[in-house]
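Colleague: Just so you know, we're using full-length UniProt numbering here: the sequence shown kicks off at 6 and counts up by one.
Cβ atoms here follow ideal geometry from the backbone N, Cα and C, with glycine treated the same way.
Below you will find the structure I want to go over with you.
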Amino acid sequence: KIAFLNGQFAPLAELKISVMDRGFLFGDGVYEMIPVYQRVAFRLDEHLVRLANNLAQVRIENPYSISAWREHIQALIHAQTFVDQSIYLQVSRGSAYPRQHAFPLEAMPTVLMFADELEPPPALAVECGVSAITCNDVRWQRCNIKAISLLANVLAKQEAVDAGVAEAILLRDGDLTEGAASNIFIVKDGVIYTPAPSNLMLTGITYDVILELAQQHDLPVTLAPVTEQMLRDADELWLTSSSKEVLAIVNLDGQAVGNGQVGPIYKIMYGLYQNFKMTVMHR
Ligand code: PMP
């Protein structure tokens, strides 16, 4: 697998970075995961805009212009043997000695990108839905930044895995924020509800796509706080992310969601999402 490190392409297994890298020592960096279908990066500009915003939020200078990012990503995509890919991209503040919390005076950001083969969500998950648990959201107050420091998300996801379910849904002060690695939507009486973007959640690229598709197809949406009660009383529950697309959650904390089956609005939205992916691929 050919990967990218600081402007150079080389086999992933050969790449090396300093142990003094602040990504390694402090989790001091930001990342993106970009899905690629048939060698076309999906929503690339939106990912690059989010990356630029995240870099600005953590005060790391963006190492490349949008067009330079596009070129490097194109080159990475074309260096792979497989056509459906997930591109992982991270920028850390770079390496500096001695180790100290404050920004180093001189450090070059470390830019790493690699591609994995992208597997679509299994047909069984799409057709029958998945299960989830709820977890207390113990994260910091800047969850809108796609930071590589993901310890709380890692622990929440492992709780889900230990419980034998697909996702941990995070609750902060009695309200839904998001999943450990996804955004969450509910449906009640035909209306789609999801929290409005805030500092307590990451605004997913998929979240935005779902809202656009709902609007274009006259599916009613309300951006509003989703309480724990609303979550448990929902007719339908969905998770969204770049890799999982949109999946129905049919069981929450061991209880059926709605009638325990994949719901009708989910089926509509899943179809819209697949069609939208196709139009982008054939552009
Ligand atoms: N929230 C969190 C915490 C995530 O980690 C992710 C994706 N990994 C998302 C939401 C969904 O974002 P996207 O749709 O851009 O993949």
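Provide the residue span of the alpha helix (DSSP H) that contains C140, from first to last.
Modeller: Taken as a continuous stretch (DSSP letters only), C140 belongs to no alpha helix (DSSP H), being part of the beta strand (DSSP E) at V135 to N141.
Colleague: Could you please give the first and the last residue of the uninterrupted beta strand (DSSP E) stretch that includes L10?
Modeller: Element bounds for L10: I7 to L10.
Colleague: Between which two residues does the alpha helix (DSSP H) holding G99 run?
Modeller: Taken as a continuous stretch (DSSP letters only), G99 belongs to no alpha helix (DSSP H), as it is neither H nor E.
Colleague: Assuming residue 5 and R48 make a contact with CB atoms under 8 Å, what is their CB distance in whole Å?
Modeller: Coverage of the chain is limited to positions 6 through 288, which leaves residue 5 absent and any answer about it impossible.
Colleague: When the Cα of P114 is compared with those of H106, V35 and H83, which residue comes out closest?
Modeller: Checked all of H106, V35 and H83; the closest Cα to P114 is V35.
Colleague: Kindly identify the DSSP beta-bridge partner or partners of S187.
Modeller: For S187, which the question treats as bridged, DSSP gives the partners G184.
Colleague: D26 and T139: beta carbons closer than 8 Å?
Modeller: No.
Colleague: Output the distance between the C-alpha atoms of S91 and P126, rounded to the nearest integer angstrom.
Modeller: Cα to Cα, S91 sits roughly 13 Å from P126.
Colleague: Among V214, P103 and K151, whose alpha-carbon lies nearest the alpha-carbon of E111?
Modeller: For E111, the nearest C-alpha among the options comes from P103.
Colleague: My parser needs the alpha helix (DSSP H) runs of 4 or more residues fully inside the stretch 68-137; what are they?
Modeller: Entirely contained in the stretch 68-137, the alpha helix (DSSP H) runs reaching 4 residues are, in chain order, 71-83 and 128-133.
Colleague: By alpha-carbon positions, which one of L30, L56, L175 and P68 ends up nearest to S154?
Modeller: Selected option, being the one with the closest Cα: L30.
Colleague: Hey, how far is the Cα of Y93 from the Cα of I71?
Modeller: Each residue's alpha carbon lies about 17 Å from the other.
Colleague: In whole angstroms, what separates the C-alpha of D240 from that of G32?
Modeller: So the alpha carbons of these two residues sit roughly 39 Å apart.
Colleague: Taking the alpha-carbon positions, what's the E172 to I191 distance?
Modeller: Their backbone Cα atoms lie some 15 Å apart in a straight line.
Colleague: Could you give the distance in angstroms between the alpha-carbon of residue 3 and the alpha-carbon of L218?
Modeller: There is no way to answer for residue 3, as the model of the chain reaches only from 6 to 288.
Colleague: Does the Cβ-Cβ distance between A186 and K151 come in under 8 Å?
Modeller: Cβ atoms of A186 and K151: not closer than 8 Å.
Colleague: Three or more C-beta pairs under 8 Å: does that hold for the stretch 10-25 against the stretch 49-65?
Modeller: The stretch 10-25, when compared against the stretch 49-65, does not touch it at the 8 Å Cβ threshold.
Colleague: Measure the CB-CB distance between A157 and V143 and report whether it falls below 8 Å.
Modeller: Yes. Within cutoff.
Colleague: Going by beta carbon distance, what residues of the same chain come within less than 8 Å of V196, once the five residues before and after it are set aside?
Modeller: Cβ neighbours of V196 beyond the five flanking positions: P225, V226 and T227.
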